[in-house]
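Numbering (our numbering), first residue to last: 3 to 256.
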Amino acid sequence: MSATAAQAAHFRRRGFFFIANPFGRERMAAIDARQRAVEPEWEQRAFPDGCNRGACQFLMLGELGLELVERPELVALARQLLACDEVHIGACGLGDAGKTVSAGKQQHQVHWHADGHPDVAQVSLRTALDRHGANNGPLRVLPGSHLRSREEVCEEVRQIELATGAYDGEPVDCFAAHPDEVAVELDPRWTLVWTPSVWHATGVKTAPGLRRAMAWNYFPAGGRKRDIEALKHIFADEWESWPEQRQRLWGLVA
Numbered sequence: 003m004s005a006t007a008a009q010a011a012h013f014r015r016r017g018f019f020f021i022a023n024p025f026g027r028e029r030m031a032a033i034d035a036r037q038r039a040v041e042p043e044w045e046q047r048a049f050p051d052g053c054n055r056g057a058c059q060f061l062m063l064g065e066l067g068l069e070l071v072e073r074p075e076l077v078a079l080a081r082q083l084l085a086c087d088e089v090h091i092g093a094c095g096l097g098d099a100g101k102t103v104s105a106g107k108q109q110h111q112v113h114w115h116a117d118g119h120p121d122v123a124q125v126s127l128r129t130a131l132d133r134h135g136a137n138n139g140p141l142r143v144l145p146g147s148h149l150r151s152r153e154e155v156c157e158e159v160r161q162i163e164l165a166t167g168a169y170d171g172e173p174v175d176c177f178a179a180h181p182d183e184v185a186v187e188l189d190p191r192w193t194l195v196w197t198p199s200v201w202h203a204t205g206v207k208t209a210p211g212l213r214r215a216m217a218w219n220y221f222p223a224g225g226r227k228r229d230i231e232a233l234k235h236i237f238a239d240e241w242e243s244w245p246e247q248r249q250r251l252w253g254l255v256a
């Protein structure tokens, strides 16, 4: 699998593009079933400090999850978009991240933010397990914002938030619609290929039912390794005996 020249250019300039779900119905059904099986244990389980909970849920998929991320055609796609020979997985997640981020807040919604900046090279694949429709907290992305400074975009969304007239003081988080945003009503038939360095938020989830997704990020050599402690924790009895190629892809060896 490789991106077309137009897709690669759109990724560099706007920060995202879409591909047809590369996993197939049978594999998606297996992922769905496994996620439902592990979530009750995950919800009750305490994880050590430094272990991202969303990453732990993904890694609890076991070999099924590892094989998804390690698919040669997806690794090749990441190498192409990052223009490098070697990549590693530095982050992953499963479930409803919006539910975690908005815990204890008035509404089920994620504020504007970026998981990176112009100097953070990364490629993320995001696939929904449930349709993220207009009322189910769709991802909202601000195309091209990964090329702008964090300070500039932060001030922009702050001013748009203040323009709503809803505040007596400074807003803590910003949610207001940006005139240039794209609402991604992600359907399981498609996979979003993007850089989380793009500023993004979600719509409000008001619809009943689930809003699950799985995602992982590829980085070039020297890039982030956010979830290495979660990996070592979930696979505590296994990872040291993994083949070198697998250890390298997961950032366990240089």
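For each residue, glycine too, the CB sits at the ideal point set by N, CA and C.
Buried/exposed call for residue i, threshold 16 Cβ in 10 Å
i	result
residue 52	exposed
residue 167	exposed
residue 37	buried
residue 191	exposed
residue 4	exposed
residue 204	buried
residue 183	buried
residue 98	buried
residue 243	exposed
residue 208	exposed
residue 161	exposed
residue 200	buried
residue 174	exposed
residue 129	buried
residue 193	buried
residue 67	buried
residue 163	buried
residue 198	buried
residue 215	buried
residue 71	buried
residue 139	buried
residue 22	exposed
Span separating the alpha-carbon of residue i from that of residue j
i	j	result
residue 90	residue 62	19 Å
residue 144	residue 228	24 Å
residue 46	residue 110	21 Å
residue 253	residue 195	21 Å
residue 55	residue 118	19 Å
residue 81	residue 11	15 Å
residue 127	residue 217	5 Å
residue 257	residue 40	The first residue shown for the chain is 3 and the last is 256, placing residue 257 beyond what the model contains.
residue 154	residue 28	44 Å
residue 177	residue 107	13 Å
residue 187	residue 57	23 Å
residue 158	residue 113	14 Å
residue 8	residue 20	12 Å
residue 185	residue 141	6 Å
residue 249	residue 239	14 Å
residue 137	residue 245	44 Å
residue 247	residue 234	16 Å
residue 43	residue 93	21 Å
residue 34	residue 59	13 Å
residue 84	residue 65	26 Å
residue 232	residue 181	38 Å
residue 132	residue 212	6 Å
residue 171	residue 32	48 Å
Backbone secondary structure at residue i - three-state DSSP
i	result
residue 141	strand
residue 8	helix
residue 159	helix
residue 237	coil
residue 60	helix
residue 100	helix
residue 232	helix
residue 115	strand
residue 90	strand
Run of the alpha helix (DSSP H) containing residue i, from where it starts to where it stops
i	result
residue 42	26-46
residue 78	74-84
residue 66	65-71
residue 251	246-251
Element boundaries [beta strand (DSSP E), containing residue i]
i	result
residue 128	125-130
residue 219	215-222
residue 195	192-196
residue 202	202-204
residue 22	18-22
residue 184	184-186
Three or more beta-carbon pairs under 8 Å between the region 121-130 and the region 213-232, yes or no?
-> yes
Hey, is the region 137-151 in contact with the region 13-29, meaning 3+ C-beta pairs nearer than 8 Å?
-> yes
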